[in-house]
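See below for the structure under consideration.
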Amino acid sequence: MALDKFKQVLQARLKQAQSIKNKVVKVGVVEHQHYDDDTPVAFVASVHEYGTHDEHIKPRPFFRPTIAENESDWKNTIIRAIVNGGNGEQILEKVGMLAAGQVQKTIASIDSPRLATSTLIARNRKRHKNGRKPKAISIKPLIDSGLMMASITYKVADKGDE
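Mapped onto the UniProt record's numbering, the consecutive letters of the sequence shown carry residue numbers 1 to 162.
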């Protein structure tokens, strides 16, 4: 009797593992999000992730370090959740939410390389546009309007879907 129960539980866990075998969690920037000047947020994110060839904008990576630091934890979270009887799709949704939050946290923590004086002046000018009087401007490299950080999201998709 106990062996039958064990087999049932094991089969249920295997079924959950199989249900996500062909799924992937994608974390990134909302595809059609744009800044006020119509620049795609995804483009700005990639420029900051890798920098520019002329080094006018230095790399301030946030995706790659987050993945390197957390990938094994995400895998272990999935394994533990399946072992504990979690629903495959819900597990991936939770991991996606966790990963997107960790990318946002990385963005918020970046403080180098420091912003160029010209960037600070441009931010100040932009904030004072149209008679506005802000109390302060952000000196954080990846946080100006907050749109890039707010645009970090995730989706669960079938492997191979673009």
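Built from N, CA and C at the ideal position, the CB exists for glycine as well.
On a predicted model such as this, the values are computed, not experimentally measured, just so you know.
Quiz item: Taking the C-alpha atoms as reference points, what is the distance between N22 and D158?
Solution: 6 Å
Quiz item: On the three-state DSSP scale, how would you describe G51?
Solution: coil
Quiz prompt | Extent of the continuous beta strand (DSSP E) to which G28 belongs | solution = K23 to V29
Quiz item: Does the beta-carbon of G88 have 16 or more other beta-carbons within 10 angstroms, so that it is buried, or is it exposed?
Solution: buried
Exercise. Tell me whether D158 sits in a helix, a strand or coil according to DSSP, three-state version.
Key: strand
Self-check item: Separation of V29 from D161, as counted between CA atoms
Solution: 16 Å
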